[in-house]
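The numbering of the sequence shown is numbering that gives the first Met the number 0, which starts it at 0 and goes up by one.
Glycine is no exception: its CB is placed at the ideal position from the N, C-alpha and C atoms.
Given the structure is predicted, the values throughout are model-derived calculations rather than measurements.
Just below is one structure, and these are the notes that go with it.
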Amino acid sequence: MANSRFHNYLLVLWASLLLHPSSQSQPNLHSHRNHVALFIFGDSLFDVGNNNYLKSPIGSANFWPYGETFFKHPTGRVSDGRLIIDFIAEYLKLPLIFPYLQPGNHQFTDGVNFASGGAGALVETHQGDEGRIKKQIGGEETKTLLSKAIYIISIGGNDYAAPSIEFESFPKEDYVEMVIGNLTSVIKDIYKIGGRKFVFVGVGSFDCAPIMRSLEEHRGSCNKEIKAMIELHNLKLSNTLKEIQGRLKEFHYVFFDFYTTLSERISNPSKFGFKEAKVACCGAGPYRGDSNCGLAKGFEVCHDVSEYIFFDSIHPTEKVYKQLANLIWNGSHNVSRLCNLKEMLEA
């Protein structure tokens with residue numbers, strides 16, 4: 000993503016938009032008094048097109064067949080259509096939240112999306128200044144402006160599932176502690192600028208994604224080592240959030256169990272309206288998991304994406320995302336802990 004100084008400017012802009020009548024009409028100011036904005040941080044699960052504007056094409060999805068289901072053209076979303084955060088915006092009665100790097104004049108009062116495909120909680124996960132979640136937060140004190148907003152964060156998957164990550168050189172506990180520690184510092188940064196209401200999406204069951212099944216050493220099976228790391232991450236994140244809530248006044252959060260909800264669909268696809276849980280809709284090689292959809296020579300695309308859990312080698316389909324967004328919004332406390340998003344807003 001852009002550098003931290005630019006984010007400081009952005010926070011000043013938010014303040015000017017919300018405080019100064021000259022920046023917008025009085026009716027609009029009145030309508031925003033109880034307005035809930037949505038600020039989004041994360042990786043490719045939440046990236047709606049930021050990577051389209053980066054010099055490096057890594058992690059971008061601005062080519063066919065991405066976007067074919069809903070938008071009918073690629074938008075930068077790594078799926079066939081909308082993502083979880085698009086449905087969350089709809090529940091909040093907001094328009095689609097634009098990517099931070101998108102050029103043009105925007106109304107930041109609805110929120111902004113900082114997510115970047117390839118980002119991780121650890122700096123080493125995604126080389127270069129762009130895409131580092133630590134640089135997605137500015138330092139301006141704007142608590143009164145941002146306290147009503149929802150901050151939704153999905154980060155960590157690349158720290159465990161990215162092929163370039165060799166966490167074998169670290170004790171598992173230490174590696175996970177580093178990831179959680181970096182994420183915790185980001186949470187505290189958001190809290191310092193006024194953030195009080197958070198949604199955290201745990202790491203999903205990507206140990207069973209087509210890209211993992213396609214690897215020769217795991218051919219057809221899930222990756223047990225990555226499974227152990229993800230489960231440890233989710234447990235430590237859940238415990239850390241409880242500790243943070245005990246220390247930070249008015250810190251409210253939803254912790255969404257992405258691992259359980261996705262693994263349930265992989266284990267029993269027909270129960271949730273799917274037919275194929277092991278093979279990706281788009282890709283090449285075994286399980287269509289060898290290469291990224293749309294780039295590999297000889298890649299294939301399924302005929303009916305609604306039957307599939309995964310659109311490409313690791314990213315779910317719009318149909319999955321819609322189901323998960325509904326659980327975040329109004330799901331039981333078994334999957335949306337300590338409450339769901341609707342309950343947090345009504346409290």
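{"Check": "C-alpha gap between Lys241 and Thr183, whole angstroms", "Outcome": "12 Å"}
{"Check": "Own chain residues within Cβ distance below 6 Å of His232, not counting five before or after", "Outcome": "Gly155, Val175, Val202"}
{"Check": "Where the beta strand (DSSP E) through Asn112 begins and ends", "Outcome": "110-112"}
{"Check": "Pro102 - DSSP class collapsed to helix/strand/coil", "Outcome": "coil"}
{"Check": "Which residues DSSP lists as bridging His34, in chain order", "Outcome": "Paired residue(s): none; His34 is not in a bridge."}
{"Check": "Leu344 (DSSP reduced to helix, strand or coil)", "Outcome": "helix"}
{"Check": "In DSSP terms, what Lys187 is bridged to", "Outcome": "Its beta-bridge partners do not exist; DSSP assigns none."}
{"Check": "Limits of the alpha helix (DSSP H) - the one that Tyr159 falls within", "Outcome": "156-160"}
{"Check": "Beta-ladder partner(s) of Gly282, from DSSP", "Outcome": "Glu299"}
{"Check": "Outcome for Leu294 when other beta-carbon atoms lying within 10 angstroms are tallied against a minimum of 16", "Outcome": "exposed"}
{"Check": "Asp311 beta carbon less than 8 Å from that of Gly282", "Outcome": "yes"}
{"Check": "Under 8 Å between C-beta atoms of Gly75 and Asp42", "Outcome": "no"}
{"Check": "Nearest-angstrom Cα separation, counted from Gly66 out to Pro102", "Outcome": "20 Å"}
{"Check": "Which of helix, strand or coil DSSP assigns to Glu140", "Outcome": "Since pLDDT at Glu140 reaches only 34, below the 50 mark, its modelled position is unreliable, and the value read off the structure follows with that caveat. Coil, per DSSP."}
{"Check": "Ile313 and Ile229 closer than 8 Å at C-beta", "Outcome": "no"}
{"Check": "Inter-residue CB distance, Val300 and Pro64 (contact presumed, cutoff 8 Å)", "Outcome": "5 Å"}
{"Check": "Beta-carbon proximity list for Phe271, same chain, < 7 Å, skipping 5 on both sides", "Outcome": "Arg264, Gln322"}
{"Check": "Top-ranked residue by Cα proximity to Lys277, from Met343, Asn112, Phe169, His217", "Outcome": "His217"}
{"Check": "6 Å CB neighbourhood of Gly110 in its chain, flanking five on each side removed", "Outcome": "Ala36, Leu37, Phe38, Ile96"}
{"Check": "Pro268 - DSSP class collapsed to helix/strand/coil", "Outcome": "helix"}
{"Check": "Supposed close pair Asn157, Ala114 - CB separation, criterion 8 Å", "Outcome": "Incorrect: roughly 12 Å between the Cβ atoms, too far for contact."}
{"Check": "Nearest candidate by alpha-carbon position, reference Val178, set Glu224, Ser305, Ser153", "Outcome": "Ser153"}
{"Check": "Complete alpha helix (DSSP H) runs within the segment 204-250 (minimum length 4 residues, chain order)", "Outcome": "209-212, 223-246"}
{"Check": "Selected residue, minimal CA-CA separation from Met343, among Ser266, Leu261, Ile149", "Outcome": "Ile149"}
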